[in-house]
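In our numbering, the protein residues as written are 299 to 541.
For each residue, glycine too, the CB sits at the ideal point set by N, CA and C.
Bear in mind the structure is a predicted one, so any value in this text is a computation, not a measurement.
Below: the structure, in structure tokens.
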């Protein structure tokens with residue numbers, strides 16, 4: 299089995315079990331609350347106009363549910379896309395539980411093949427998503443679709459784990475992380491800056507992180523750099539005024 303297939307199988311197995319065993323917003327888990335940066339950027343966009351959001355790799359709704367609650371009063375929508383049917387099934391359940399089922403549009407799809415309509419969204423979020431595509435070309439293709447799918451002054455927020463390793467707590471040993479697309483932090487930042495060269499770069503942040511997991515019956519610490527990259531589309535009108 300090649301690296302991508304092995305990593306995809308392991309990641310699928312882990313997430314399916316985790317989503318079945320763990321309630322959304324359960325304290326002490328990585329589902330406990332939405333990503334603060336994701337919600338802060340959203341607040342800049344929420345006005346009296348409907349805000350349309352795309353959440354790539356949405357999982358069971360860690361970000362999608364709070365986003366839906368924020369955009370609901372103005373008639374906004376949230377399209378949540380995830381590869382795993384169990385994630386989308388849970389997302390639908392939580393959407394009903396939190397009263398936002400009319401706002402959320404759940405989609406089972408591989409982000410790598412998912413077509414984003416041009417100029418469709420005010421806000422596109424890819425949280426712990428792009429490290430699960432098959433290669434760098436796929437990474438760039440997804441980002442380019444995100445860029446084309448964003449409205450004037452819209453925002454893209456990408457959060458990605460880079461330089462991932464797995465630390466075996468019992469053995470005290472470290473090995474390369476089993477993830478579909480291993481990436482270097484600085485190289486990823488450089489690539490994103492290039493892809494968004496015509497946009498206003500809003501946030502570039504790197505924070506070391508460690509997440510406790512159970513894999514194959516062993517206590518593992520998932521370690522890496524948590525890279526946050528956010529950029530905002532410039533309006534054509536503003537560009538014309540600058541000339």
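- Put simply, the backbone Cα of residue 324 is about 34 Å away from that of residue 415.
- About 7 Å separates the beta carbons of residue 359 and residue 393, which is inside the 8 Å limit, making them a contact pair.
- When beta bridges are read from the DSSP output, residue 502 appears opposite 527.
- DSSP places residue 360 outside any alpha helix (DSSP H), giving it a letter other than H or E.
- Inclusion of residue 483 and residue 504 in the CB contact set at 8 Å is warranted, their separation being smaller than that value.
- Counting along the chain, residue 309 sits inside the alpha helix (DSSP H) bounded by residues 301 to 319.
- In the DSSP assignment, residue 516 forms a beta bridge with 513.
- Contact annotation, residue 352 with residue 422: C-beta distance approximately 5 Å; criterion of less than 8 Å satisfied.
- Around the beta-carbon of residue 514, fewer than 16 other beta-carbon atoms lie within 10 Å, marking it exposed.
- Taking one beta carbon from each stretch, the region 399 to 413 and the region 450 to 457 have fewer than 3 pairs nearer than 8 Å; the two do not touch.
- Non-local C-beta neighbours of residue 396 in its own chain, meaning closer than 6 Å and more than five positions away in sequence, comprise 363, ordered along the chain.
- At the C-beta level, residue 458 and residue 525 come within 8 Å of one another.
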